[in-house]
Amino acid sequence: PHRPHQDVAFSVARFIQKGGSVHNYYMYHGGTNFGRTSGDFVTTSYDYDAPIDEYGLPRNPKWGHLKELHEAIMLCEGVLLNSDPINLSLGPSQEADVYADSSGACAAFLSNTDNATDTTVVFRNVSYFLPAWSVSILSDCKNVVFNTAKVSTQTSIIEMVPEYLQQSDSSADEGSKALQWDVFKEMTGIWGEANFVKSGLVDHLNTTKDTTDYLWYTTSIIFSEDEEFLRTGSQPVLLIESKGHTLHAFINQELVQGNSTYSTGTLVFSFTALIPLKAGKNKIDLLSMTVGLPSAGPFYEWTGTGLTSVKIKGFNNRTLDFSSYNWTYKIGVQGEDLRIYNPDNLTNVNWTPTSEPPKNQPLTWYKAVVNEPVGDEPIGLDMLHMGKGQAWLNGEPIGRYWDKRSSIDDHCVQECDYRGTFNQQKCLTGSGEPTQRWYHVPRSWFKPSGNILVIFEEKGGDPTRIRFSRRNISSICGLVAADEDGNESSNSNATIHLQCPKNRSISTVKFASFGTPTGKCGSFRMGDCHDPNSTSFVEKVCLNKNKCAIELTETNFNKGLCPDATKTLAVEVTCS
Numbered sequence: 016p017h018r019p020h021q022d023v024a025f026s027v028a029r030f031i032q033k034g035g036s037v038h039n040y041y042m043y044h045g046g047t048n049f050g051r052t053s054g055d056f057v058t059t060s061y062d063y064d065a066p067i068d069e070y071g072l073p074r075n076p077k078w079g080h081l082k083e084l085h086e087a088i089m090l091c092e093g094v095l096l097n098s099d100p101i102n103l104s105l106g107p108s109q110e111a112d113v114y115a116d117s118s119g120a121c122a123a124f125l126s127n128t129d130n131a132t133d134t135t136v137v138f139r140n141v142s143y144f145l146p147a148w149s150v151s152i153l154s155d156c157k158n159v160v161f162n163t164a165k166v167s168t169q170t171s172i173i174e175m176v177p178e179y180l181q182q183s184d185s186s187a188d189e190g191s192k193a194l195q196w197d198v199f200k201e202m203t204g205i206w207g208e209a210n211f212v213k214s215g216l217v218d219h220l221n222t223t224k225d226t227t228d229y230l231w232y233t234t235s236i237i238f239s240e241d242e243e244f245l246r247t248g249s250q251p252v253l254l255i256e257s258k259g260h261t262l263h264a265f266i267n268q269e270l271v272q273g274n275s276t277y278s279t280g281t282l283v284f285s286f287t288a289l290i291p292l293k294a295g296k297n298k299i300d301l302l303s304m305t306v307g308l309p310s311a312g313p314f315y316e317w318t319g320t321g322l323t324s325v326k327i328k329g330f331n332n333r334t335l336d337f338s339s340y341n342w343t344y345k346i347g348v349q350g351e352d353l354r355i356y357n358p359d360n361l362t363n364v365n366w367t368p369t370s371e372p373p374k375n376q377p378l379t380w381y382k383a384v385v386n387e388p389v390g391d392e393p394i395g396l397d398m399l400h401m402g403k404g405q406a407w408l409n410g411e412p413i414g415r416y417w418d419k420r421s422s423i424d425d426h427c428v429q430e431c432d433y434r435g436t437f438n439q440q441k442c443l444t445g446s447g448e449p450t451q452r453w454y455h456v457p458r459s460w461f462k463p464s465g466n467i468l469v470i471f472e473e474k475g476g477d478p479t480r481i482r483f484s485r486r487n488i489s490s491i492c493g494l495v496a497a498d499e500d501g502n503e504s505s506n507s508n509a510t511i512h513l514q515c516p517k518n519r520s521i522s523t524v525k526f527a528s529f530g531t532p533t534g535k536c537g538s539f540r541m542g543d544c545h546d547p548n549s550t551s552f553v554e555k556v557c558l559n560k561n562k563c564a565i566e567l568t569e570t571n572f573n574k575g576l577c578p579d580a581t582k583t584l585a586v587e588v589t590c591s
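Take the sequence shown: its position 144, counted from the start at 1, is 159 in our numbering, and no numbers get skipped.
Laid out in structure tokens, this is it:
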């Protein structure tokens, strides 16, 4: 869910307006579920579109807008803590809550809860413009210091800039694709000695005690050559029921592709797949996997996982039920058990060196020794072209990755209307895209060179297309309307404030227009009304500076231009 910053600010301001004192954003700073720490079916990213993202970068305009809200509330702190509000009706959906104490201090919150109609209200004989679904804060009961719907803070465009993994002992330039990999292929099914043999299917979590995501269920079946499905060339269907969370099915050492259908609102699923059985002995290896554990809700400690039914349909119109067969069990996978992701344990298995690692091969470990990416920006590991598995750097657990796509049926929007009650289906984005592509790797985990990157791929992917990506604030924008306050007592000028990240400066003015520009940050377009001096003035004020303030005055811009138009100033600059 992406909750618009105007609506977040509106909700917090309304809470304070009505006497609230402690607000928990959950989340204000996004996080990362490193290793196996996520909740069930929760992505490794625990970012929640937070004002500060999981990489530690401010997500503007949300962060800046809420920062200004907090500053406005703190201007009212004394009177909020020392008085009770008096409520005044200003209209059918408009009201004021006024705080005043014996010292003469006064603060007022003017709100418009109409979700469609802007309006002008009169408070203490002064007119105030209130956009729909907004709150204005008057720290002295006279001057508007903040309105939740009016966003004056800058917007940032954040890009993930890819770069090739570079061999630590290589002098190859950044564009080189040559990289030496070491590869270790897991056994399918039971490796080493089995943990136990049992009639029937066991609960996954009770068996593994959460020491691993993986549990092997293994059995076999023998068919004679005169079986009808062998004579006709038809393929039986494997039918599996599981309490969660997912699985890989191998028939005679080969991964079979199937369809998983999850019960609504649960992790219980059904798996079906056509399987290529043969005359003689057929080995069935099922790798059950957990993807995090339940962490909330009633009786979540009793939530089961793992297989509950295994059947094969298609034997002379019969269905064979294997659920009560003897199954051989093995907890975990060998490389994980030997901790070969740890730099101290790399010699525990025989790695095969290659510059052309196998692609689309399941149950495969990949290892490369790489340099730290250039620069000082935060780093994400781009796993778009891998399947499902886990990753480590220098023994530190980056987390689970899974190229699982969101539903193409999600009703995503290009522009989200912040007005009206929010729900998590309201502002969806990324329909049909991976639920996560980049995985946060803290800079503190890197050494200048000799970094050991280890990947365990369960399904099959292309390791040659793994990339590090630098999280870079490439552009910043500002958009402000002329004379937009609507407060009769206000004589301040609208101003755009722009600031690049630390140690960077404004290098280019990509767009500047005072008049009737259209579009949004990253895609501004010039309108019919335009001050031709806009770009030159912004360059004069901002170029080669870390931050600048562009004030909308008669001196700086031609306010007499297009007298009948509602004019705005839009600016986009790059930081380098």
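Ideal Cβ positions, reconstructed from N, Cα and C, are used throughout, including at glycine. Values in this document were obtained by computation on a predicted structure and should not be read as measured data.
(request) Thinking residue 127 and residue 108 are a contact (beta carbons under 8 Å), I'd like their distance in whole angstroms, please. (result) 6 Å
(message) Tell me which residue opens and which closes the beta strand (DSSP E) that residue 109 is part of.
(response) 109-115
(message) I want to know whether the region 19-33 touches the region 376-395 - three or more CB-CB distances under 8 Å.
(response) no
(message) For residue 377 and residue 316, what's the separation of their Cα atoms in angstroms?
(response) 32 Å
(request) Could you check which residue in 199, 204, 36 has the C-alpha nearest to that of residue 231? (result) 204
(request) Report yes or no: do three or more beta-carbon pairs, one from the region 56-76 and one from the region 128-136, lie closer than 8 Å? (result) no
(message) I'd like to confirm the pairing. Which residues does DSSP put opposite residue 328 in its beta bridges?
(response) 252, 334
(request) Return the chain-ordered list of same chain residues with a C-beta closer than 6 Å to the C-beta of residue 594, the five sequence neighbours on each side being excluded. (result) Any answer about residue 594 is impossible in this case: the structure gives the chain only from 16 up to 591.
(request) Check whether the Cβ atoms of residue 262 and residue 286 lie closer than 8 Å to each other. (result) yes
(message) Please identify the residue among 96, 331, 137 whose C-alpha is closest to the C-alpha of residue 110.
(response) 137
(request) Check whether the region 321-340 touches the region 165-173, taking contact to mean three or more Cβ pairs, one atom from each stretch, closer than 8 Å. (result) no
(request) Whole angstroms is fine: what's the gap from residue 580's alpha carbon to residue 531's? (result) 7 Å
(message) Are the CB atoms of residue 250 and residue 291 within a distance shorter than 8 Å?
(response) yes
(request) Taking 8 Å as the cut-off, decide whether the C-beta atoms of residue 590 and residue 520 are in contact. (result) yes
(message) Taking 8 Å as the threshold (C-beta atoms), are residue 76 and residue 166 in contact?
(response) yes
(request) Measure the alpha-carbon distance for residue 582 versus residue 552 and round it to whole angstroms. (result) 17 Å
(request) State the DSSP-derived secondary structure class of residue 210, mapped to helix, strand or coil. (result) coil
(request) Out of 467, 395, 511, point me to the one whose CA is closest to residue 71's CA. (result) 395
(request) Taking only the alpha-carbon atoms, compute the straight-line gap between residue 321 and residue 220 and give it to the nearest angstrom. (result) 7 Å
(request) Return the bridge partner residues of residue 134 from the DSSP annotation. (result) 145
(request) Have a look at residue 436 and residue 79 and give me their C-alpha separation to the nearest angstrom. (result) 22 Å
(request) Indicate the three-state DSSP secondary structure (helix, strand or coil) for residue 48 in the structure shown. (result) coil
(request) Mind checking which residues open and close the beta strand (DSSP E) that includes residue 587? (result) 583-590
(request) Could you check what DSSP says for residue 539 in three-state terms: helix, strand or coil? (result) coil
(request) Please list, in chain order, all residues of the same chain as residue 129 whose beta carbon is under 6 Å from its beta carbon, the five residues on each side excluded. (result) 108, 147
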